[in-house]
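Below is one structure; the comments refer to it alone.
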Amino acid sequence: MLASTRMPNNAQLQQNFSDHMKLDQSQLPRKINLRSEMTPVEDQSAIGSCVANAFAGAYEYLLKKSSGRHIDVSRLFIYYNARAKNAYPPGHITDSGCNITDVLETLKELGTCEESLWPYDINKVHAKPNELAYNKASENQIMDALSLKVD
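Written out as structure tokens, the structure reads:
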């Protein structure tokens with residue numbers, strides 16, 4: 014995972030979780046089991062897509078929890094577009110990982126298509142997704158994100 018060296022450009026992606034909810038430790042359950050709401054574990058294989066895989070899983074979890082609907086989102090679509098944000102020269106995409114900020118911005122700006130439209134084929138790690146994938150991605154955009162202080 015590459016460290017994010019900047020905050021997202023969009024203010025909706027910069028909100029502080031602490032401003033929305035504060036709980037005392039006594040208000041939290043001793044343990045919780047989220048397995049029934051989780052989607053299947055997926056294998057990232059031998060490419061540097063760990064952040065894209067993590068966000069795809071989180072997106073699928075939140076969608077399933079809020080709507081009861083399960084879709085497999087395209088991890089490779091997220092990974093390609095997060096890397097494309099900072100490619101230099103433009104269009105020069107390498108399999109060198111991506112960071113949290115670029116994934117958040119990708120999901121806000123573009124969204125992600127379903128994995129059936131842009132499958133996780135590691136032989137296509139450098140390939141730009143097709144036009145249909147981009148058109149469908151706009152149906153799966155995030156609205157905002159909350160940052161969490163780690164202490």
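Be aware that the sequence shown starts at 14, since it is given in this note's numbering, and climbs by one per residue.
Where a beta carbon is used, it is the ideal one built from N, C-alpha and C, also for glycine.
- Where GLU122 and ILE155 are concerned, what is the direct C-alpha to C-alpha distance, given to the nearest angstrom? To locate residue 122, count along the sequence shown from 1; it is residue 109. To locate residue 155, count along the sequence shown from 1; it is residue 142. Each residue's Cα considered, the two are about 8 Å apart.
- Task: Return the residue from the list VAL54, LYS35, ASP37 and GLU73 that minimises the CA-CA distance to THR125.
- Result: For this step, residue 125 is matched to residue 112 along the sequence shown. Ranking the options by Cα distance to THR125, first place goes to GLU73.
- For LEU130, three-class secondary structure by DSSP: Taking the first residue of the sequence shown as 1, we reach residue 130 at position 117. Of the three classes helix, strand and coil, the one that applies to LEU130 here is coil, per DSSP.
- Message: Based on DSSP bridge pairs, tell me the residues matched to LEU75.
- Response: To locate residue 75, count along the sequence shown from 1; it is residue 62. None; LEU75 has no bridge partner.
- Query: What residue from TRP131, LEU75 and ALA71 has the CA that sits closest to ASN94's CA?
  - Reply: Numbered from its first residue, the sequence shown carries residue 94 at position 81. Answer by Cα proximity: TRP131.
- Query: So, ASN66 versus GLU55, is the Cβ gap smaller than 9 Å?
  - Reply: Within the sequence shown, numbered from 1, the residue matching residue 66 stands at position 53. Within the sequence shown, numbered from 1, the residue matching residue 55 stands at position 42. Their beta carbons are under 9 Å apart, which means ASN66 touches GLU55 by this criterion.
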